[in-house]
Amino acid sequence: MKSQKKHTYNPYRSCFQTMSANGAAELLRYGKSKAGCISLAQGEGSLPTPAFICDEVHKSLSEGKTFYSFGAGLTELRQEIATYHAKTYGHHIPLNRIAVTSSGTNAVHLALMSILDEGDEVIAVTPIWKNLIGITELAGGRIIDVPMEQSDGKWHLDLEKFFAKVTPHTKAMMIVSPNNPTGWVMSGEDIKTVLEFARARDIWIIADEVYGRTMHDVSKAPSFLDYAEDDDLLYVVNSFSKTWAMTGWRLGWLIGPRDSEDKIRDVILYENMGPPTFTQHAGIVALRHGEDFLQTQKTLWKGNQELVIESLAAFDHISLVKSPAAFYAFFKIDGETDSFALARRLIDEVGVSLAPGGAFGKEFNNYLRLCFAASPEVLSEALHRLKPAFR
Ligand SMILES: Cc1ncc(COP(=O)(O)O)c(C=O)c1O
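So my numbering is basically just the index in the sequence shown, starting at one, shifted up by 462.
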């Protein structure tokens, strides 16, 4: 017989009582459960991982590369990450600052687990990908948000407002640039200002740069590593997911300050001992030979962005900033007050799943996010279906 025992206390961690709800994940599931619904709600495209990367997994498996990985990841992959940074950005990062992680999401988690104590505050630029808020809360931290503003056809972050949020409890500042969902990119000048401000106050910076190579017209976005000293309290998060269409692989990397190596290694050791050895080998070839595939994706994203802009321009009550990076259209709908209800209606009435703006920050409940990394055919069909709903 099953036990009917009722707990007289809450047996789970208290953070689950205070964590903000993730309504967008629920809507994503709802959209996926509806036959025929087109999902442009998640941050991934329709291109599979290129064959030369998949082939390396087969080769690694057949060569018996099936044993535990080691510490902060395979030395060969860490070396390749260092080479990639040198080649792409001109950064010279010693291996002891590089850790291979089980995704960009995991890299943020490792970084926060190494620095946050219960109740520490993390100031975050919003709109922001909801999971980054959840990871912070799970690690015991509290998000203090600083919303960007949309005006004159651009997104703006007011650094004065950002810095004004610092309190004695501030442990870190979290910046996603290029940004999901807006595509906003922090300028090199602003990166320098933020670094100097944080350095003077011993505040950590968590720079999520997973969209760093998704700039539509140039090769890369400015990086915090362009300006940082090697002992700055800076974690830079990166991922194979977006750059090489490897979302399902769960592979990323984290670059920390000079003395972070043993802390991150310990968190990896006690968490999951790192990503599979054979996928790490595939990561090496992605970094080494992935530029042509990235270019193919960028051409697709650029053309698709034009399709979206042209389609949404037909509606006076919709405004969209043309972003210089990433593959999202984050658009404002005048008069809208509940993006969650609207996203659900779009699934039910026209069979298109988009992400509700309110999931990226409470100020953005009159926005929707559309991921345009799909094939042009699927995207065109979705835009066609959306027309009557926006009329
Ligand atoms: C800003 C940001 N960081 C990290 C990630 C996750 O990357 P990964 O797939 O490597 O966990 C995403 C995914 O959408 C993202 O938007």
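Every residue, glycine too, gets a C-beta built ideally from N, C-alpha and C.
Own chain, CB closer than 6 Å to residue i, minus 5 neighbours either side, in chain order
i    : result
V729 : L572, M575 and S576
S773 : L845
A586 : I605, D607 and M636
H520 : none
I653 : P684, F686 and Y689
I780 : L774, F793 and I795
W591 : N642
P512 : F755
T588 : D607, P609 and G823
L731 : none
For residue i, the residue or residues it bridges with in DSSP
i    : result
D670 : V638 and V699
K794 : S781 and Y829
W715 : V562 and N700
A787 : M677
A817 : R831
Q612 : W617
A586 : D607 and M636
I500 : V814
8 Å CB neighbourhood of residue i in its chain, flanking five on each side removed
i    : result
K527 : T739, F740 and H743
L523 : F740
S681 : T550 and R675
F625 : F659
G485 : F802, P818, G820 and A821
L578 : V584, T598, A601, G602, G603, K633 and A634
F529 : T739
Cβ-based neighbour list, residue i, same chain, cut-off 7 Å, excluding 5 preceding and 5 following
i    : result
T629 : E583
G493 : C499, S501, A503, I809 and S815
N734 : S564
N593 : T567
A548 : H554
K627 : I585, I606 and V608
L749 : E542, I543 and Y546
N828 : K794, I795, E798, T799, S801 and G819
L539 : V562, Q742, G745 and I746
I726 : A534, A561, L572, S576, L716 and G718
V435 : Summary: the structure shown does not reach residue 435, with the chain confined to residues 463 through 853, and so no result is reported for it.
R661 : D694
A851 : L808, E811 and V812
F826 : P589, G819 and G820
C477 : E599, L600 and G602
V840 : I500 and S508
V672 : G566, V699, N700, S701, S703 and K704
T709 : E506 and S703
F777 : F852
Cβ distance (whole Å) where residue i is taken to contact residue j below 8 Å
i    : j    : result
S837 : S508 : 5 Å
L489 : A805 : 5 Å
K623 : W666 : Actually they do not touch by this definition, with Cβ atoms about 20 Å apart.
I771 : L756 : Rounded, the Cβ-Cβ distance is 22 Å, inconsistent with contact.
V699 : L687 : That belief does not hold up - the Cβ atoms of V699 and L687 are roughly 11 Å apart, past 8 Å.
G645 : A821 : That pair is no contact at about 17 Å.
V647 : D670 : About 13 Å separates the two Cβ atoms, so there is no contact after all.
G765 : T705 : About 18 Å; that fails the 8 Å criterion.
G714 : S722 : Wrong, their Cβ atoms sit about 16 Å apart, outside the cutoff.
P510 : A707 : 7 Å
S531 : P737 : 7 Å
A791 : L832 : 5 Å
Contact test: residue i Cβ vs ligand 3 heavy atom, cutoff 7 Å
i    : result
E622 : Ligand 3 is absent from the structure shown, which contains only ligand 1.
- Any heavy atom of ligand 1 within less than 5 Å of residue CB: hits in chain order: The filter returns G505, S565, G566, T567, W591, V638, N642, D670, V672, S701, S703 and G714, in chain order.
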